[in-house]
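Numbering (the working numbering), first residue to last: 156 to 597.
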Ligand code: PMP
């Protein structure tokens with residue numbers, strides 16, 4: 156299919172698109188050809204309001220000059236330098252800055268290129284940590300139903316989204332999954348954190364009783380589950396998980412790939428909830444989505460235990476060609492400066508109540524059966540069509556795009572996570588357009 160825009164190619168067949176119904180897409184492609192601040196430009200020349208910060212990542216908005224210039228400068232001055240047995244200043248500078256802005260206790264950062272790599276890295280560090288303490292029997296990794304931790308083998312093994320697992324055969328041995336925390340009967344229409352469900356964390360005690368604490372290395376959860384359609388932690392739930400993991404010497408990993416870098420109005424979800432895990436996995440907002448980069452935040456306690464373990468373990472036999480690559484670090488430094496200069500995390504906190512009210516004004520709109528929100532995250536759940544689940548939300552997505560807004564759907568849920576520079580009139584446009592679209596849906 157040929158598109159009437161000079162930047163778009165005639166042949167779309169070669170690119171096997173990720174997480175996309177390829178045949179369907181290629182019959183009626185939607186191409187983005189430029190971006191600025193809150194907007195994309197579509198191939199047919201329309202301004203599309205970005206309600207999703209790309210894929211939950213462009214927290215500072217698009218093509219911000221400070222980040223663009225930093226990337227350009229690094230590309231011209233130091234395009235690439237290895238981080239194995241060599242260093243370059245920007246990687247150390249970015250790591251220090253990240254440690255400085257992270258909750259007390261996080262002293263080290265391991266660079267990766269994506270959320271998936273951050274997750275697999277954190278799981279490996281957890282295993283190596285226990286071995287270094289002479290507890291090599293702790294190999295079990297516990298995730299959660301509906302959890303999304305990227306697409307590496309570690310991530311899909313602890314993950315709990317069935318479609319992402321089922322065609323890939325045997326995954327990692329020795330994983331288990333806690334229940335998810337979506338309790339529509341008790342928590343429907345809750346604004347922010349729901350009241351009910353804290354005791355779901357007690358399942359971890361039961362798993363400990365079943366498997367034995369000496370077999371369990373780590374528990375990994377998204378503080379706010381994004382990809383499953385925005386599932387929030389009930390009040391007290393994360394605190395309880397922390398208490399139980401601590402009691403049994405199990406590491407707690409927060410997957411902050413979505414929640415990190417301001418999405419909840421604080422640097423990390425750990426700050427927002429006041430619950431301190433042992434590791435945090437991040438990516439996305441680290442560079443505001445501009446250059447692929449991830450980072451695992453590790454506490455001094457975990458790092459130092461590993462480093463003072465047996466001699467053969469003091470080097471972590473793990474890393475990526477592009478771990479802490481210069482252009483990514485330049486983007487990361489500029490992004491963090493921009494967040495700070497513009498106070499974007501606070502801005503998110505300030506506008507979150509308006510976002511919440513606007514979202515919940517859709518209560519009573521056609522087809523809407525639940526609304527969930529926290530920080531600048533929102534979900535609108537639609538009643539599924541019998542026999543055709545997901546159809547209604549996907550049709551809403553297509554119609555919304557025609558009307559000039561970008562939203563995401565997962566199952567029957569519309570999910571949104573706009574850039575943190577969003578203004579009230581953008582929120583009005585997003586919600587107003589969704590309302591119009593829902594009115595026209597069968
Ligand atoms: N963890 C979480 C919580 C995520 O939301 C995502 C991506 N949406 C990932 C991991 C994977 O990140 P990536 O796509 O960069 O590998």
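All residues carry an ideal CB built from backbone N, CA and C; glycine is no exception.
Quick one: what does DSSP say residue i is sitting in, helix, strand or coil?
i, result
"residue 156", "Only weak support exists for where residue 156 lies, its pLDDT of 46 falling under 50; the value from the coordinates is given anyway. If DSSP states are grouped into helix, strand and coil, residue 156 belongs with coil."
"residue 243", "coil"
"residue 251", "helix"
"residue 596", "coil"
"residue 563", "strand"
"residue 354", "helix"
"residue 423", "coil"
"residue 331", "strand"
"residue 482", "helix"
"residue 577", "coil"
"residue 449", "strand"
"residue 386", "strand"
"residue 469", "coil"
"residue 556", "helix"
"residue 341", "helix"
"residue 167", "coil"
"residue 531", "coil"
"residue 461", "helix"
"residue 550", "helix"
"residue 475", "coil"
"residue 403", "coil"
"residue 545", "coil"
"residue 346", "coil"
"residue 444", "coil"
"residue 398", "helix"
"residue 418", "coil"
Tell me the rounded alpha-carbon separation between residue i and residue j.
i, j, result
"residue 577", "residue 201", "19 angstroms"
"residue 537", "residue 403", "40 angstroms"
"residue 379", "residue 388", "6 angstroms"
"residue 215", "residue 190", "12 angstroms"
"residue 163", "residue 198", "7 angstroms"
"residue 338", "residue 351", "8 angstroms"
"residue 474", "residue 561", "35 angstroms"
"residue 459", "residue 432", "16 angstroms"
"residue 184", "residue 305", "25 angstroms"
"residue 393", "residue 353", "8 angstroms"
"residue 450", "residue 408", "13 angstroms"
"residue 301", "residue 391", "20 angstroms"
"residue 166", "residue 178", "13 angstroms"
"residue 217", "residue 341", "39 angstroms"
"residue 225", "residue 507", "30 angstroms"
"residue 321", "residue 580", "42 angstroms"
"residue 406", "residue 543", "41 angstroms"
"residue 254", "residue 271", "21 angstroms"
"residue 470", "residue 276", "14 angstroms"
"residue 592", "residue 551", "6 angstroms"
"residue 324", "residue 512", "44 angstroms"
"residue 584", "residue 257", "34 angstroms"
"residue 522", "residue 586", "15 angstroms"
"residue 527", "residue 509", "14 angstroms"
"residue 598", "residue 204", "The chain is shown from 156 up to 597; residue 598 falls before or after that span and cannot be answered."
"residue 416", "residue 278", "21 angstroms"
"residue 349", "residue 420", "18 angstroms"
"residue 170", "residue 499", "35 angstroms"
"residue 267", "residue 484", "11 angstroms"
"residue 156", "residue 186", "Low confidence applies to residue 156: its pLDDT is 46, below 50, so where it sits in the model is not reliable, and the reading given next is rough at best. When rounded, the distance between both Cα atoms is 12 angstroms."
"residue 439", "residue 489", "14 angstroms"
"residue 589", "residue 564", "12 angstroms"
"residue 411", "residue 231", "32 angstroms"
"residue 335", "residue 233", "45 angstroms"
Kindly identify the DSSP beta-bridge partner or partners of residue i.
i, result
"residue 536", "525, 568"
"residue 454", "261"
"residue 409", "376, 435"
"residue 429", "Beta-bridge pairing links residue 429 to no other residue."
"residue 371", "295"
(request) Can you check the stretch 265-329 for any beta strand (DSSP E) of at least 3 residues that lies completely inside it and give the ranges in chain order? (result) With a minimum length of 3 residues, the continuous beta strand (DSSP E) runs that stay inside the stretch 265-329 are 295-299.
(message) Quick test of the definition: if touching needs 3 or more C-beta pairs under 8 angstroms, does the stretch 258-268 touch the stretch 452-462?
(response) With the rule of 3 Cβ pairs closer than 8 angstroms, the stretch 258-268 counts as touching the stretch 452-462.
(request) Taking 8 angstroms as the threshold, find out whether the stretch 486-498 comes into contact with the stretch 277-294 through three or more Cβ pairs. (result) Contact between the stretch 486-498 and the stretch 277-294 is absent, because fewer than three Cβ pairs lie under 8 angstroms.
(message) Would you call the stretch 469-483 in contact with the stretch 240-250, where contact means no fewer than 3 C-beta pairs closer than 8 angstroms?
(response) Touching, yes, given that three or more Cβ pairs across the two stretches are closer than 8 angstroms.
(message) Across the stretch 418-427 and the stretch 176-194, are there enough close Cβ pairs to call them in contact, namely three or more that are closer than 8 angstroms?
(response) Verdict: no, contact absent.
(request) Counting only runs of 3+ residues fully inside the stretch 200-236, write out the beta strand (DSSP E) ranges in chain order. (result) Secondary structure within the stretch 200-236: the beta strand (DSSP E) runs of 3 or more consecutive residues, fully enclosed, are 202-205 (chain order).
(message) Taking contact to mean 3 or more Cβ pairs, one atom from each stretch, closer than 8 angstroms, check whether the stretch 538-546 and the stretch 167-178 are in contact.
(response) The stretch 538-546, when compared against the stretch 167-178, does not touch it at the 8 angstroms Cβ threshold.
(message) To test your reading of the DSSP string, which unbroken alpha helix (DSSP H) runs of 4 or more residues are found completely within the stretch 489-528?
(response) Taken in chain order, the unbroken stretches of alpha helix (DSSP H) that lie wholly in the stretch 489-528 and span 4 residues or more are 499-515.
(message) Quick check for students: name the residue ranges of the alpha helix (DSSP H) that lie wholly in the stretch 172-203, counting only runs of 4 or more.
(response) DSSP runs (the alpha helix (DSSP H)) wholly in the stretch 172-203: 177-182.
(message) For the stretch 367-375 against the stretch 545-555, do three or more pairs of beta-carbon atoms, one drawn from each stretch, fall closer than 8 angstroms, so that the two count as touching?
(response) With the cut-off at 8 angstroms, the stretch 367-375 and the stretch 545-555 do not touch.
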